[in-house]
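Numbering (this note's numbering), first residue to last: 71 to 199.
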């Protein structure tokens, strides 16, 4: 059944319904999550980073993706909170990318291609321990 802009079985629809209800997951995050899976990326939807839930995380390259849904009404307090959250992630070795939901809505394929480019760039910079 097609729900949320992607084809889901009943079991996965129930899981996504719960995620939306508990985390207020943006529809754009769900579309992007499944589009990334389609191209072979292994994203995690609503990943807990120890401080808050991240819309999409790609742990292999330490990439957090946040979907901005209310960016037109961003206050200076929200902007400061975003900066502090980005700093928290960065201190833990993660890169945070914020993507407006309208970009995903109108340019999903291009957004996925850009994220693939970011992933490649991060892979180059990961040091083998």
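Cβ atoms here follow ideal geometry from the backbone N, Cα and C, with glycine treated the same way.
Note that the coordinates shown come from a computational prediction; the quantities given were computed from them, not determined experimentally.
| Query | Result |
| --- | --- |
| Count Cβ pairs between the region 89–98 and the region 165–177 that sit closer than 8 Å; are there 3 or more? | yes |
| Cα separation between residue 125 and residue 135? | 6 Å |
| Which ranges does the beta strand (DSSP E) cover as unbroken runs of at least 3 residues, wholly within the region 124–174, from first to last along the chain? | 133–138 and 165–170 |
| Classify residue 154 as buried or exposed, calling it buried when 16 or more other Cβ atoms lie within 10 Å of its own Cβ. | exposed |
| Give the C-beta separation of residue 128 and residue 111 to the nearest angstrom, bearing in mind that I take them to be a contact with Cβ-Cβ under 8 Å. | 6 Å |
| At what residues does the beta strand (DSSP E) containing residue 115 begin and finish? | 114–118 |
| Checking 7 Å against the spacing of the C-beta atoms, do residue 82 and residue 121 come in under that value? | no |
| Please check the pair residue 109 and residue 186, which I expect to be a contact at CB under 8 Å, by giving their CB distance rounded to whole angstroms. | 7 Å |
| Considering only residues of the same chain and omitting the five flanking positions on each side of residue 163, which have a CB-CB separation below 7 Å? | 132 |
| Under the three-state reduction of DSSP, which class applies to residue 194: helix, strand or coil? | helix |
| With H, G and I counted as helix, E and B as strand and the rest as coil, what does DSSP make of residue 109? | coil |
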